[in-house]
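The C-terminal position of the first sequence is numbered 700 in my numbering, with every residue numbered one higher than the one before it. Quick reminder that beta carbons are idealized off the backbone N, C-alpha and C, glycines included. From a predicted model like this one, the values you see are computed outputs, not experimental measurements. Reading through the structure tokens given below for one structure.
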Amino acid sequence: MCEPYAELRRCIGRAIARATKSLGVSVNLEAVADMLQEPPKPEFGDLALPIPRVSKQLVENCGTLASQILEAESECIERVQCVGSYLNIWTRNMYLIERLATALSESGSKYGIPRKESSARVVVEFVSANPVHPLHIGSGRNAILGDFIARAHELSGDIVERRYYVNDLGLQVAHLLYGYIKLGRPRKPGSDKDDHFLGLLYAATSTVLDIIKAKKKLETVSEAESEEIRREIDTLLGELLRIKKKLPELVDSLLESVGSSKDVEQEVKSLTQLLELGDRSIVNVHREVVDRVLAGIRETLEKLGIHFDKWDYESDLVYSGLVDEILNKARSSNYFTLHKNAPALDLVKLANNSEVREALAIPKHLEIPPLIFARSNGTTLYTTRDIAYTIKKFSEFSADRVYNVVAIEQMLPQAQLRLALYALGYVREAVSLIHYAYEMVNVKGLSMSGRRARYITVDEVIEDLAARVRDLAEKRGVKIADDVALKIARSAFKYVMLSVSPRKTLVFDLEQAVEVKSGTATYLQYTLARANSIMSKYGREVDFSKIDCEGLIGKRRELALLIARFPEVFRKVVIELAPEDMVSYLNRLAEVFNSWYDTDPVLAEPREELRNLKLMLVYGTRVVIENSFKLLGLDIVEKI
RNA sequence: GGGCCCGUAGCCUAGCUAGGAUAGGGCGCCGGCCUUCGGAGCCGGAGGUCCCGGGUUCAAAUCCCGGCGGGCCCGCCA
């Protein structure tokens, strides 16, 4: 057991339980240990117990409780004090240092990383952005959170597989493919990435199709309604004009070739049908355009340092017959129904079963409409194919658990997916499928839309950040290699994405992300570089056996307590998959370290035992930052 | 219309599940430290109706009820 703080909690819990017992109040040791909280300020001690939570009758007797505790002479408690409704507790330096030294010397570079007895097999499906445009910052948040989940499990000893679902059968890809074919498989002259180029083609096509659709509608509606549609068309034309500015010739020839078509909607529809049937004449060109976009996406992900084990094409899933199997099961299921004349699963009964609801984590009052699994023309819908895919993810990897990292706006289809799995007899899969939901990313003053090519791409953000890093280095007269600039830039981006709770909408401000001040990844990287520099100058192993205990005061003490708490923080972050907690812990650690560093020289310390204490703090800070970087996917930068 | 989530200084954020201290940080702002181990740093300061109203309680940012504001979902899209 190498968790200094956990031991400390239990030790204090023991002392308190003993003392309360003699006051006639019997409390559970573990419960008290859990109740101990961190005081907001150092002058309130190392840990504090809110007395009323233990027992109301103790509030009056706090003084007696305090003296009882002291009399018993615990190995870990130095002193206690009653302030308000709290019992503030100070730890013995000797105890703290012993535990910390033991933990650090025994665990070494593994300090804080929990060791599990058995390992689970876990699949994380993430990003899975439609291959119709480059990754924008929303997909960036997905990528970074998904990578974090995978890392959390890997570090905990689980076996993890990362998968990207290439959704190449959706309507969006059909639209891109339509434009791509109409223009005779265009290539962009110049060096711009294909995903950026094809993203514009997709947006242009999609907008043109929407205009045609609206114009057609105009012919059938009344005078009153037509006004609104005209306005909509004007807006769409404005969007098209904006896209045209970026790609003039392309939009012109698109309008020309689409204009000569008789029934555009029918053409797109038959495209989706042919695709799903695996028609040879278009499958090749389809795969070609998808792979071109995908190549760009992969390049971006590589830039972020995020890798995948498997790229699963939705079309392959259909061609393999897996989707047909699901369709057959659905048709013969007890839950089968017709909804608006389309084949569907009626999941209401299942959703009304409170036990099932709880097991599948279906939100309390979420209404579950019937899940239509096929269009009347026979083609399938996303969720149907996702049922097949989920089963594939579980079976191929013998997974105990599967994460879908999917935006919260898809809460309903994700809930339907779990219910449908359950309904079709895949109970274990339904229960072990976790929708890791996250809120959207907004950019100040911009309403984003992939269909209109209004987005900020991950590529742009990283490039912008890297440029600023290089500028800053130049101002300081430091040479900085491109790969180092990239590492600093992408870590800055990841830091922003990880520092806000996933359930909160994130407002992205490029200017702020780029600041390299306290409260950024760069600050942490800088802190680590400082700590590393001291350790390499020292050049030896820290002697944990001869450490001065009296010297543990002020900032040193604060830092030691923070380092001691790390395993507990790590555990909580991994269990709750809440990266923002790790980020705020790291900020505090770095601030305390830097503040201490500024006034208290380490290597120049003449007294050996005190120097060892300081070295232990530097070493501990280093290991803690390195291990949390492993968890968060931030880069270590030696020179910064 | 129904449902889910969010609301804490100019901006961002912790604390809310299990009520308990003077609401903890960061950015920005103002003022210091022109540098003994790396100044991308350090120290200090100002800045708050915890969205509003009611309730429960010895005690509410936290729990309950009712509002307000913002986001999202309720498609033969994903």
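Are three or more beta carbon pairs between the segment 310-321 and the segment 258-271 nearer than 8 Å? yes
Whole angstroms is fine: what's the gap from Val567's alpha carbon to Gln117's? 48 Å
Below 8 Å on the Cβ atoms is my contact criterion, and I expect Ala591 with Thr681 to pass it. Report the Cβ-Cβ distance as a whole number of Å. 5 Å
Could you check the C-alpha separation between Val643 and Ile209 for me, to the nearest Å? 15 Å
At the level of alpha carbons, what is the spacing between Gly611 and Glu221? 47 Å
Does the beta-carbon of Asp323 have 16 or more other beta-carbons within 10 angstroms, so that it is buried, or is it exposed? exposed
Kindly indicate which three-state DSSP category Val187 falls into: helix, strand or coil? coil
Close beta carbons around Leu546, own chain, < 6 Å, minus the five adjacent residues each side: Ala526
Restricting to runs no shorter than 4 residues, where is the alpha helix (DSSP H) found entirely within the segment 620-663? 639-659
Counting only runs of 3+ residues fully inside the segment 209-268, write out the beta strand (DSSP E) ranges in chain order. 219-226
Return the CA-CA distance between Ser655 and Glu618, expressed in angstroms with no decimal places. 11 Å
Three or more beta-carbon pairs under 8 Å between the segment 416-423 and the segment 444-452, yes or no? no
Bridge partners for Ile149 per DSSP, in chain order? Leu107 and Val140
Buried or exposed (CB count within 10 angstroms, at least 16 for buried), Lys101: exposed
Check this for me: beta carbons of Ala180 and Ile129, under 8 Å apart or not? no
Starting from the C-beta of Val602, find all residues in its chain whose C-beta is less than 7 Å away, skip the five residues before and the five after it, and write them out in chain order. Asn672, Leu675, Met676 and Tyr679
Beta-carbon within less than 7 Å of Lys275's beta-carbon, same chain only, minus the 5 sequence neighbours each way: which residues are those? Ile293
Beta strand (DSSP E) segment containing Ala402, residue limits: Ala402 to Leu405
Taking Cβ positions, are Thr295 and Ala234 nearer each other than 8 Å? no
When burial is assigned at 16 or more other CB atoms within 10 Å of the CB, is Gln97 buried or exposed? exposed
Closer than 8 Å is the cut-off here; do at least three beta carbon pairs connect the segment 680-695 with the segment 537-551? yes
Alpha-carbon spacing of Ala132 relative to Ser216, whole angstroms: 38 Å
Using 8 Å as the cut-off, can you tell me whether the segment 469-477 makes contact with the segment 373-380, which would need three or more C-beta pairs spanning the two stretches below that distance? no
Distance, Cα to Cα, Val501 vs Ile197? 7 Å
Could you pull the DSSP bridge partners for Gly97 from this structure? The question names Gly, but residue 97 in the sequence shown is Gln. Paired residues: Ala108.
So, using beta-carbon positions, are Val87 and Ser127 closer together than 8 Å? no
Alpha carbon of Thr162 to alpha carbon of Phe604, nearest angstrom: 8 Å
Would you kindly work out how many angstroms separate the C-alpha atoms of Thr580 and Tyr555, rounded to a whole number? 7 Å
Quick one: is Glu309 buried, meaning 16 or more other Cβ sit within 10 Å of its Cβ, or exposed? exposed
Based on Cα-Cα distance, which residue from Ile289, Arg245, Leu410 and Gly599 lies nearest to Ile342? Arg245
Helix, strand or coil at Val501 according to DSSP, with G and I counted as helix: strand
Below 8 Å on the Cβ atoms is my guess for Leu410 versus Leu431; work out the distance and round it to an integer in Å. Incorrect: roughly 11 Å between the Cβ atoms, too far for contact.
Tell me whether the beta-carbon of Val349 lies closer than 8 Å to the beta-carbon of Tyr240. yes
With DSSP run on the structure shown, which of helix, strand or coil describes Ile366? coil
Who are the near neighbours of Gln232 in its chain, counting only those whose CB is closer than 6 Å to its CB and skipping five residues on each side? Asn190 and Val192
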